[in-house]
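S.K.: Residue numbers for the sequence shown follow the numbering used here, beginning at 103 and rising by one.
Mind looking over this structure? Questions follow.
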Amino acid sequence: MSTELPSLKGLQAFEAAARYRSVTLASNELNVTPGAVSLQIRELEARLGVQLFFRKPRSIQLTREGERYYGALRTAFRMMREATAELTARSEITVLTLSCTPTFAVQWLMPRLPAFQQQHPQVDVRISVTNRLVDFSRDDVDLAVRHGFGRYEGLESIRFIDDSTLPVCSPQLLEKYGPLREAGDLKSVPL
């Protein structure tokens with residue numbers, strides 16, 4: 103028994119003709135003439151030494167051997183299509199590089215990142231953690247999250263989160279310098 107595979111064109115012609123039960127529809131899918139599909143199938147039958155179709159005027163019908171062979175090829179072609187689609191989908195992954203401060207990364211971004219990646223598997227998120235402002239013309243960064251008023255020359259900014267900043271101190275400092283009730287009270291306290 104030969105283990106060498108028949109031509110892929112012959113296998114494609116047979117699989118399409120068997121699926122549609124039509125040489126004409128198979129030829130339309132494969133963008134060849136019906137005569138080319140018939141020739142490929144005849145060459146495949148000769149190579150296998152088995153008749154795969156009963157030919158009737160204007161129709162074809164699978165033989166018992168043709169049914170068995172088609173079942174195996176249908177599965178093989180489906181697996182090849184799925185593998186190709188999966189590979190193609192992987193090659194369409196978008197890399198998104200985000201620059202943010204360490205605090206934002208730890209407190210806000212990292213807890214939410216797994217859910218984002220689950221919803222958007224085609225996006226490969228890369229995080230650059232730094233307090234330094236990003237130079238988009240030099241750094242390989244797509245977007246940045248920074249604390250500020252949102253006025254950065256030449257850049258578009260969007261208000262993302264309302265943030266509160268408040269002073270805190272140790273009980274010892276409070277005991278030493280007295281009550282701190284307003285921002286002006288901080289002038290007399292070493293920072």
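Glycine residues also receive a C-beta, built at the ideal position from the N, C-alpha and C atoms.
(1) Could you pull the start and end residues of the alpha helix (DSSP H) that residue 278 belongs to?
(2) What residues are listed by DSSP as bridge partners for residue 294?
(3) Do residue 154 and residue 116 have their beta-carbon atoms positioned less than 8 Å apart in this structure?
(4) On the premise that residue 112 lies in contact with residue 146, defined as a C-beta separation below 8 Å, what is that separation, rounded to the nearest angstrom?
(5) Specify whether the stretch 263 to 273 and the stretch 224 to 239 touch according to this definition: at least 3 beta carbon pairs, one from each stretch, less than 8 Å apart.
(6) Going by DSSP, which residues form a beta bridge with residue 164?
(7) Taking only the alpha-carbon atoms, compute the straight-line gap between residue 109 and residue 187 and give it to the nearest angstrom.
(8) Taking just the CA atoms, how far does residue 284 sit from residue 194?
(9) Grab the span of the alpha helix (DSSP H) containing residue 125 for me, first residue to last.
(10) Can you confirm whether the stretch 197 to 212 touches the stretch 240 to 248 when touching is taken to mean that 3 or more C-beta pairs between the two stretches lie within less than 8 Å?
(11) Between residue 261 and the rest of its own chain, which residues show a CB-CB distance below 8 Å, the 5 nearest in sequence each way excluded?
(12) For residue 172 and residue 105, what's the separation of their Cα atoms in angstroms?
(13) Alpha carbon to alpha carbon, how far is residue 124 from residue 161? Give it in angstroms, no decimals.
(14) DSSP on residue 282, reduced to helix/strand/coil?
(15) Do residue 205 and residue 224 count as a contact pair if the criterion is CB distance below 8 Å?
(16) Compare the Cα-Cα distances from residue 269 to each of 277, 282, 138 and report the closest residue.
(17) Can you tell me where the alpha helix (DSSP H) with residue 138 in it begins and where it stops?
(18) Given a cut-off of 8 Å on the beta-carbon distance, is the pair residue 143 and residue 178 in contact?
(19) So, with DSSP's three-state summary, where would you put residue 245?
M.R.: Checking against the coordinates, here is how it stands:
(1) The count along the sequence shown starts at 1 and reaches residue 278 at position 176. From DSSP, the alpha helix (DSSP H) with residue 278 extends over 273 to 279.
(2) Here the chain has residues from 103 to 293 only, and residue 294 is not among them.
(3) In the sequence shown, counting from the first residue as 1, residue 116 sits at position 14. In the sequence shown, counting from the first residue as 1, residue 154 sits at position 52. Yes, they are a contact pair.
(4) In the sequence shown, residue 146 corresponds to position 44, counting from 1. In the sequence shown, residue 112 corresponds to position 10, counting from 1. Between residue 112 and residue 146 the Cβ distance is about 4 Å, and since that is below 8 Å, they are a contact.
(5) no
(6) Within the sequence shown, numbered from 1, the residue matching residue 164 stands at position 62. Note: residue 164 sits in a beta bridge opposite 155.
(7) Position 7 of the sequence shown, counting from 1, holds the residue named residue 109. Position 85 of the sequence shown, counting from 1, holds the residue named residue 187. Approximately 23 Å between the Cα atoms of the pair.
(8) In the sequence shown, counting from the first residue as 1, residue 194 sits at position 92. In the sequence shown, counting from the first residue as 1, residue 284 sits at position 182. Going from the Cα of residue 194 to the Cα of residue 284 covers about 54 Å.
(9) Counting from one through the sequence shown, the residue named residue 125 turns up at place 23. Element bounds for residue 125: 125 to 132.
(10) yes
(11) Reading the sequence shown from its first residue, position 159 is the one you call residue 261. Closer than 8 Å at the Cβ level, and outside the excluded window around residue 261, lie 252.
(12) In the sequence shown, counting from the first residue as 1, residue 172 sits at position 70. In the sequence shown, counting from the first residue as 1, residue 105 sits at position 3. Computed Cα separation, rounded: 18 Å.
(13) In the sequence shown, residue 161 corresponds to position 59, counting from 1. In the sequence shown, residue 124 corresponds to position 22, counting from 1. Spanning the two alpha carbons is a distance of roughly 6 Å.
(14) By 1-based counting over the sequence shown, the position of residue 282 is 180. The answer is coil: DSSP assigns residue 282 none of H, G, I, E or B.
(15) As a position in the sequence shown, residue 224 is number 122, starting the count at 1. As a position in the sequence shown, residue 205 is number 103, starting the count at 1. No, Cβ-Cβ distance for residue 224 and residue 205 is not below 8 Å.
(16) For the purposes of this step, residue 269 is taken as the residue at position 167 of the sequence shown. That would be 282, whose Cα lies nearest to the Cα of residue 269.
(17) Stepping through the sequence shown from its first residue, residue 138 is reached at position 36. Residue 138 -> alpha helix (DSSP H) spans 136 to 150.
(18) As a working mapping, residue 143 is identified with position 41 in the sequence shown. As a working mapping, residue 178 is identified with position 76 in the sequence shown. Not in contact: residue 143 and residue 178 (Cβ atoms no closer than 8 Å).
(19) The residue you call residue 245 lines up with position 143 of the sequence shown. DSSP places residue 245 in strand when its eight states are reduced to three.
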